[in-house]
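Colleague:
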Amino acid sequence: MAKKDSELKKMKPAPFDLCVAQSVKEVVSLLKQNKGDAKILAGGQSLMAMLNMRLVKPNLVIDISRIKDLDYIKITKEFVEIGATFTQSKLENWPKLQEIFPIIASVLPHVGHFQTRNRGTVCGSVCHSDPSSELPLLLALLNGEVVLSSTSGTRIISAKDFQTGMLSTACETHEFVTAIRFPIMAKKYGHAFIEIARRHGDYAIVALAAIATKDSIKLGVGGVADIPSILELKPGDLSNLSDALNTFAWSLDANDDIHASAKYRREIVRRLGESTLRKACNEII
Amino acid sequence: MNTNYQAKKHTEKSIGTSVLRQENHALLLGRGTFVDDIPVKQGTAHAAILRSPHAHAIIKSIETHESKNQDGVFAVITGRDMVVHTDSMKTPVDTPMKHYGLAVDRVRFVGEPVAVVCAKNRYLAENAAEKIQIEYEVLKALVDPIESASDEAPLIHPEMSSNLYSTHHFKHGDPDTAFDKTDDVIDFIIEYPRNSIPPIECFGCVAEYLPETGGYDVISNFPGPFGMQPVMAWALRVAGNKLRLRTPPNCGGNFGTKLCMFPHIVVMCVASKLAGRPVKWLEDRLENLAAANSAQNRITRVIAAHKNSGEVTALKMEHWDDNGAYLRAPMPGPIFRMHGTTTNGYKVQHLDVKMNIVATNKCPSGAVRGFGGPQLYFATERLMQKLSVKLELDPLEVIKKNLISADSFPYRTPAGALYDSGNFQRCLEEGVEKGNLLDLKRNQESARKAGKYYGIGYSTAVEPSQSNMGYITILKSESERKKAGPKDGAVSYVTVSVDSSGSVSVVSESVPQGQGHATVLAQIVSDQLGLKPEEIAVNLELDTAKDAWSIASGNYSSRFAPAIGSAAYAAAVRVREKLASIASSKLNVPISSIEFAEGKIYSKENPDNFTKFYRTAALAHWSPGSLPDGMEPGIRERVAWSAPELDSSNSLGEINSELAYGFAFDFCGVEIDPITYEIRVDRYISAHDCGTILNPAIVDGQVSGSFAAGLGAALYEEFVYDKDGAFFSGSFADYLVATAPEMPKLDIIHCTPSPSPYTLLGAKGIGEGNTYSTPVCIANALADALAVEDIVLPMSPSKVADILLEDEPPPPKQEMQSNLEPISGQSLTGQGSTSIEASPKKIWEFVLDPKKLANLIPGCNELKLVSENNYSAVVNLGVGPIRGIFDAKVSLTDLIEHSEMTLKGGLTGTLGSGSGVGFIKLENTPSGTILHYSYEVTVSGKVASIGGRMLRSAAKILIGQFFNNLGSNFREKNGINFWKWLKKIVSLKK
Amino acid sequence: MKLFKQSAKHSIKFFLNGNQVEGFAEPNLLLSDFLRKEIGATGTHVGCEHGICGACTVKLDGEAIRACLCLAIQVEGRDVVTIEGLADTEGSLGIIQKAFHENFALQCGFCTPGFLTTLDHYLKINPTPTEKELREVYSGNMCRCTGYDEIIRASLEAANELLKIKTLNLK
């Protein structure tokens, strides 16, 4: 039975069952049983607000924040893997961050606020797939991967396949993100990050991140389209960027909202795209 | 014993010093008592309000049965109940508009209360509210005040003859002659945006119906003016003494915005009556932003007659003051409160002012710190800036030329305000000097050299304080005024008492919101009695059943320092005189030689001849018989103070609307990044003369707080509606409030004071000045920086781009171009085409087949035929995790067989509602068909209010799915598809 | 695994300002409401319930977090510190509170709990903050009364005071 026009808004979560899970195994079996009517709660910095506003009304909320096995960061030769309950502030304070991923170190202070980073998880931000979020942008820019677990095991997909649209991902209802991986870049690289927002900590109107090695440069843009978008270039392209950036800016089908026009967003991509790229390139010279 | 007593001590007054606040301890320890902290009676119900998702709609039906039967629900109240139990709430304007606090038969703004659910707790109440089913018929919404005021506009209130609550025309002096004789005129239109200053604590009340008396008992953070108490009592059909209002000890900010929330008190009183138990309602933030209050957005046409030298000789203004969907008393007060100061600090003698008090389908207007001043001074100060540009003069020179001279106080403005004291020129000079304007000019020079946009803005503001209760009468005609009897003055109550142990208590009705009233009252009283401020206990909770209060009581219009301060001083003096009289007989010295200091009362000729303060006080309690002849026993002095200068209006509607007039002079430098257009206020200087300063740190706090609000109005805060009245600023993610990193450096300058001759301490109000001066000061700086005439606030980088960016580079040549720009407001429009490997005939037949059409509609399983080419369906739609079930209506019209059709759709559901129109044209090609489409989508309700960012994406995705579905049914041909094109060139999608 | 059924109340034991307390909560009850309505700790204030205004900030296991974005059940067995837990001894202001008092860093006091708990945590991470750092940390706290300058001044002073005490203790 459909509802007729109902309320404008509410500020308390609708009822749900809450499961405080102790292991990944528990979570995946619950997900399988509940067939899409369950939501994963890690740090909750996006989900809780949506629950409070009753934008999301799951029957079951699975709290994974107490699964100790997911609270980790590890380095392998190829990548740094971050578990699902590892918070943004833990990453911010990870001693090796500056050395291995200076770009992430420079971006984290822009992610939400001090208090939300204390609880918000790195994986949660990626899962939420907000077009203006900085972490999904970085994961895409750095060719990161997402580890998904389900009763049939784990699968690993690339960040670019993971993010499918505004708040939408390739995560199926029977699986959940247990980790993300940032590949360690073999070569020395330069980086840059610039964000335009109305206020400190706001949704990015435009976020630009660039990395550059001797033979490739990449520009990532968030906040403009529904998902982060990446422009790949060769160092030789630097001499005449304006056409490439204009094509790129138009390709994003920029969003228009009360904070900025699509035209402004495109213009920032054109204007700051070049300086962001140059800043990244200058770091390796 | 007392040999070390120093007589000079008594001259050490606490007034004028930054005494630490006595309010702080409780607040810092988490022991403040705000409205939601007060325990409620057992069995109290908690209310949730169901609100309209539409800007304008007929309520066709409300079904509350299921909601009432939910667990823990005590009552569900609708507008119909309000009509039975209350009378429409009165406003100062004689208007046939009806307002019952809950919508009756029609909703008129997004967020309008439609029903109240009372349940065991808020969570259950919200659950049950979701079960209420309402059917709406959406009407055209009016959002532009000029359009709404036109004769052709459909009526928002059918009982009114137009959408004008009222119109007024004032002429003061001889404007017609002045305009005839003028050198030149300047003519322009300004727009002031919709905004508010939402406090961090929302509104709350606990209302209890008392069947034993038929009355009501209410605790609420309603801040007054308590002239609204009789308005509530009238609505509830009870005598004033049957409606008891009480305020909690603490209030978490107000800034005027809680004033017009009183209709909710009336609603909750009825809810209590029907639920048979006390009802508690706390406004939540989303309700607060959508539906509490908004300052009037205003359009003003300004025509000024001026000399070529820059002096303005006469002013014409026509205002369209947007008061939204209902008029709630004391609205439309702000425009009238500031009418006396229409000429600001300028010596203009001739005025012609037209006021259009307009209804629109937006949140009803309310009081917001500044109360009409930000809108008015936006006109006067933009005038000064524009005039300086026109005449190529320094803006500061133009201001100076026009300012009232220092020797003309008290000064009567053409509209009737009596400026008590001031020296505006001196304030300017001190501001320029101490604020280092030269330094700012150097910054400007170097910034401009570096290719940056840098402007300097100036503004001045006469800051009125302590409203005359009579000013609202000027909106009546002379005969109506006569009939209603005189209205003037403003009564302030302060009671000072000394108990038998000699400790002093102060009670008043100032209903503070955090300004530090208790501290300042303690300063005023302790100074008179030779005590320390921290020895004085102050209680400012108001109880209309027991305390002295007046219609003027409450927290608004910067009344504390001029009015409550005066009453406190007068009451303290009376206590002092009484104690002095007792002491004089005891010490055997004349009263004139009695002094108070350090807890003693003594002879100033011989300080050793003293009595302890507490002993003297005790005598009045313990031994009335030993008091001087005729003296009343006990020590409790209650002063009711009203200034004689607040007289009633003359026949022309001229009135001294306020008692004391302070002055602010601001200037600032604003820099705009030439690349990103980000706006940075380089430095902001605010010079104030608020007469005698009672507590400098508290004054600074008022200045910096109102500055923050003014900065917000200039650069961040706005209630955004689209042309259909959908509301887009329903969360703090979209209604932006400046936080610490956004605040520029503020230099506060206290000018040489011009104490008010009409207030007992010489103090004037200081609460509102920067809400007047700051928005327009920044606007003037922006106009200077960008060299443009029109500045519409709040200014953002994107809006700067609208001004500076003419043409952007065209998109690269592709097979298809994106054209998804909204044409107007927030509605979404777009167009495109897609190539389909089928003949137009086949496509036509496909779309006309409801089973097949159902497959095209995202989230739809089945279309039910309502009538020919009209279908209904239930669809499950959403973005990511945010999903909802919607009732959908689909119709196909304007059919030209095998060629054209219009597809209309409407959706309603718990997340909001939307409607769209799509035009489809089929073009026959050798290989099949090219389908051309264009669409327009509008969305309202919850998702629009709090998830505006998602809307465009959602609409885009849904429409994309529709046409992709269509295409894939006929195996779509090579890549002309817009959606694929989009994704193709973004490497993320390979 | 623990399953908490909806519409039923479940016992929650946790540490509030150092004392073990127990309360009952339904799964969808927010920590902010739980502290205020169930436990009676009304010092924590609710300003927006969508994680932006910062008024409800409390410390959970030492870290400043939004109580409106946390479920009551999630604090089972954990340490919660609210504004009520920041005083030195019963009734006397702690160092941060004193600095706020002396610098007029509050007016209505409604947002104050969030500023205090945030600062209390932040100064443990960064005992010598600059003004810029403090402003950025406070980007997650809204105040409508003060305009923030006094709050920044008080916070710098509190940091200084705490450093002084630390140095004294080391000596």
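Residue numbers (our numbering), protein chains in the order written: chain R, 41 to 325; chain P, 48 to 1037; chain D, 83 to 253.
Glycine included, every Cβ here is placed at the ideal spot set by N, Cα and C.
(1) Following the continuous beta strand (DSSP E) through P/W328, name the residue where it begins and the one where it ends.
(2) Could you tell me the alpha carbon to alpha carbon distance between R/P223 and R/L177, rounded to whole angstroms?
(3) Please go through the region 630-696 of chain P and give each complete beta strand (DSSP E) segment of 3 or more residues, from N-terminal end onward.
(4) Rounded to whole angstroms, what is the Cα-Cα separation between P/L954 and P/T985?
(5) If contacts are defined as beta-carbon pairs under 8 Å, then P/A1044 and P/N403 qualify, I think. What distance do you get, rounded to the angstrom?
(6) What separation, rounded to the nearest whole angstrom, lies between the Cα atoms of P/G777 and P/E334?
(7) Whose C-beta lies closer than 8 Å to the C-beta of R/S328 among residues of the same chain, with five residues either side of it excluded?
(8) Any idea what DSSP makes of R/S46, helix, strand or coil?
(9) Rounded to the nearest angstrom, what separates D/S237 and R/N99 at their Cα positions?
(10) If P/G812 sits next to P/R606, beta carbons under 8 Å apart, how far is it from one beta carbon to the other, in whole angstroms?
(11) Along the chain, where does the beta strand (DSSP E) containing P/L808 start, and where does it finish?
(12) In whole angstroms, give me the CA-to-CA distance for P/R348 and P/F235.
(13) Going along the chain, which residues of its own chain have a beta-carbon closer than 6 Å to the beta-carbon of R/E323, five neighbours each way excluded?
(14) What does P/Y170 touch in chain R if you count any residue whose Cβ is under 7 Å from its own?
(15) What are the residues of the region 51-83 of chain R that lie near chain P, defined by any Cβ-Cβ distance shorter than 9 Å?
(16) According to DSSP, what are the bridge partners of P/G504?
(17) Starting from P/Q182, follow the beta strand (DSSP E) in both directions and report where the run begins and ends.
(18) Tell me whether the beta-carbon of P/V750 lies closer than 8 Å to the beta-carbon of P/G809.
(19) Below 7 Å between beta carbons is the criterion; list the residues of the region 515-544 of chain P that meet it against any residue of chain R, in chain order.
(20) Using a Cβ-Cβ cut-off of less than 8 Å, list which residues of the region 147-162 of chain R approach chain D; keep chain order.
(21) Between P/F273 and P/S600, is the Cβ-Cβ spacing less than 8 Å?
(22) Can you find a CB in chain P that lies within less than 8 Å of the CB of D/A236?
(23) May I have the straight-line CA-CA distance separating P/I382 from P/Y393, to the nearest angstrom?
(24) Please list, in chain order, the chain D residues whose beta carbon lies closer than 8 Å to that of P/N71.
(25) Using a Cβ-Cβ distance under 8 Å, would D/A241 count as near chain P?
(26) Quick check: the Cα distance between D/I233 and P/A755, rounded to an integer number of angstroms?
(27) Check whether chain D comes within 8 Å of P/E1040, counting only Cβ atoms and requiring the distance to be less than that.
(28) Going along the chain, which residues of its own chain have a beta-carbon closer than 7 Å to the beta-carbon of P/L522, five neighbours each way excluded?
(29) Can you pull the chain P residues whose beta carbon is under 9 Å from the beta carbon of D/R148, in chain order?
(30) Considering just the uninterrupted stretch of the alpha helix (DSSP H) at D/H203, what are its terminal residues?
(31) Spell out the partners DSSP gives R/A78 in its beta bridges.
(32) What does the alpha-carbon distance come out to for the pair P/S704 and P/T389?
(33) Let me know the secondary structure DSSP gives P/P857 once reduced to three states.
(34) So with Cβ pairs under 8 Å, would you call R/E47 a contact of chain P?
(35) Take every Cβ of the region 155-164 of chain P, pair it with every Cβ of the region 70-83 of chain P, and state whether three or more of those distances are shorter than 8 Å.
(36) So, does the region 329-345 of chain P touch the region 369-383 of chain P, judging by three or more C-beta pairs under 8 Å?
Modeller: So, to answer that:
(1) By 1-based counting over the second sequence, the position of residue 328 of chain P is 281. Counting along the chain, P/W328 sits inside the beta strand (DSSP E) bounded by residues 326-329.
(2) Translated into positions along the first sequence, residue 223 of chain R becomes position 183. Translated into positions along the first sequence, residue 177 of chain R becomes position 137. One C-alpha to the other measures close to 14 Å.
(3) Counting only runs of 3 or more, we get 641-644, 647-650, 657-659, 683-688.
(4) Looking up residue 954 of chain P in the second sequence gives position 907. Looking up residue 985 of chain P in the second sequence gives position 938. A straight-line Cα-Cα distance of about 10 Å links P/L954 and P/T985.
(5) Missing from the structure shown is residue 1044 of chain P; chain P here goes from 48 to 1037 and no further.
(6) What you label residue 777 of chain P is simply residue 730 of the second sequence in a count that begins at 1. What you label residue 334 of chain P is simply residue 287 of the second sequence in a count that begins at 1. Taking C-alpha positions only, P/G777 is separated from P/E334 by approximately 8 Å.
(7) The structure shown does not extend to residue 328 of chain R, since chain R is modelled only from 41 through 325, so no value can be given for it.
(8) On the first sequence, position 6 is the one that residue 46 of chain R refers to. Residue confidence for R/S46 is low, a pLDDT of 42 falling below 50, so the modelled location carries little weight; the figure read from the coordinates is stated next. The answer is coil: DSSP assigns R/S46 none of H, G, I, E or B.
(9) Along the third sequence, read from residue 1 onward, the residue named residue 237 of chain D stands at position 155. Along the first sequence, read from residue 1 onward, the residue named residue 99 of chain R stands at position 59. Rounded to the nearest angstrom, the two C-alpha atoms are 44 Å apart.
(10) In the second sequence, the residue the question calls residue 812 of chain P occupies position 765. In the second sequence, the residue the question calls residue 606 of chain P occupies position 559. Contact between P/G812 and P/R606 holds, since their C-beta atoms are separated by about 7 Å, short of 8 Å.
(11) Taking the first residue of the second sequence as 1, we reach residue 808 of chain P at position 761. No beta strand (DSSP E) holds P/L808; DSSP gives it neither H nor E.
(12) One-based indexing of the second sequence puts residue 348 of chain P at position 301. One-based indexing of the second sequence puts residue 235 of chain P at position 188. Those two C-alpha atoms are separated by around 6 Å.
(13) Here the question's residue 323 of chain R lines up with position 283 in the first sequence. If we look at R/E323 and ignore the five residues flanking it on each side, its Cβ neighbours are G230.
(14) Along the second sequence, read from residue 1 onward, the residue named residue 170 of chain P stands at position 123. Within 7 Å Cβ-Cβ: K52.
(15) From the region 51-83 of chain R, only M51, K52, P53, A54, P55, K79 have a Cβ closer than 9 Å to chain P.
(16) Sequence index remark: in the second sequence, residue 504 of chain P carries index 457 (1-based). DSSP links P/G504 through a beta bridge to P/C715.
(17) As a working mapping, residue 182 of chain P is identified with position 135 in the second sequence. Note on residue identity: the sequence assigns Glu, not Gln, to residue 182 of chain P. First-last of the beta strand (DSSP E) with P/E182: 180-185.
(18) In the second sequence, counting from the first residue as 1, residue 750 of chain P sits at position 703. In the second sequence, counting from the first residue as 1, residue 809 of chain P sits at position 762. In this structure, P/V750 sits away from P/G809, with a CB-CB distance that is not shorter than 8 Å.
(19) Residues: none.
(20) Of all residues in the region 147-162 of chain R, P149, G152, H153, F154, Q155, T156, N158, R159 have a Cβ within less than 8 Å of some Cβ in chain D.
(21) For the purposes of this step, residue 273 of chain P is taken as the residue at position 226 of the second sequence. For the purposes of this step, residue 600 of chain P is taken as the residue at position 553 of the second sequence. For the 8 Å CB-CB criterion, P/F273 and P/S600 form a contact.
(22) For the purposes of this step, residue 236 of chain D is taken as the residue at position 154 of the third sequence. It does not: the Cβ of D/A236 has no partner Cβ on chain P nearer than 8 Å.
(23) Locating residue 382 of chain P in the second sequence gives position 335, counting from the first residue. Locating residue 393 of chain P in the second sequence gives position 346, counting from the first residue. Distance between the alpha carbons of P/I382 and P/Y393 is about 18 Å.
(24) Position 24 of the second sequence holds residue 71 of chain P. Those are F182, H183, L188, G191, listed as they occur along chain D.
(25) Locating residue 241 of chain D in the third sequence gives position 159, counting from the first residue. D/A241 does not count as touching chain P.
(26) Here the question's residue 233 of chain D lines up with position 151 in the third sequence. Here the question's residue 755 of chain P lines up with position 708 in the second sequence. Distance from the CA atom of D/I233 to the CA atom of P/A755, rounded to whole angstroms, is 13 Å.
(27) Limits of chain P in this structure are 48 at one end and 1037 at the other, which puts residue 1040 of chain P out of reach.
(28) Reading the second sequence from its first residue, position 475 is the one you call residue 522 of chain P. Only P139, V140, S213, H215, F383 meet the Cβ criterion.
(29) Taking the first residue of the third sequence as 1, we reach residue 148 of chain D at position 66. Near D/R148 there are no residues of chain P at all, since even the closest Cβ is about 12 Å away, more than 9 Å.
(30) Stepping through the third sequence from its first residue, residue 203 of chain D is reached at position 121. Where D/H203 is concerned, the enclosing alpha helix (DSSP H) stretches over 194-207.
(31) For this step, residue 78 of chain R is matched to residue 38 along the first sequence. Looking at the DSSP assignment, R/A78 forms a beta bridge with R/L100.
(32) Residue 704 of chain P sits at position 657 when you count from the first residue of the second sequence. Residue 389 of chain P sits at position 342 when you count from the first residue of the second sequence. Per the coordinates, the alpha-carbon of P/S704 lies some 11 Å from the alpha-carbon of P/T389.
(33) By one-based count along the second sequence, residue 857 of chain P stands at place 810. If DSSP states are grouped into helix, strand and coil, P/P857 belongs with coil.
(34) Residue mapping note: residue 47 of chain R aligns to position 7 of the first sequence, counting from 1. Annotation note: pLDDT 45 at R/E47 (below 50); position unreliable, no value reported.
(35) No contact exists between the region 155-164 of chain P and the region 70-83 of chain P.
(36) Between the region 329-345 of chain P and the region 369-383 of chain P there are three or more C-beta pairs closer than 8 Å, enough to call the two in contact.
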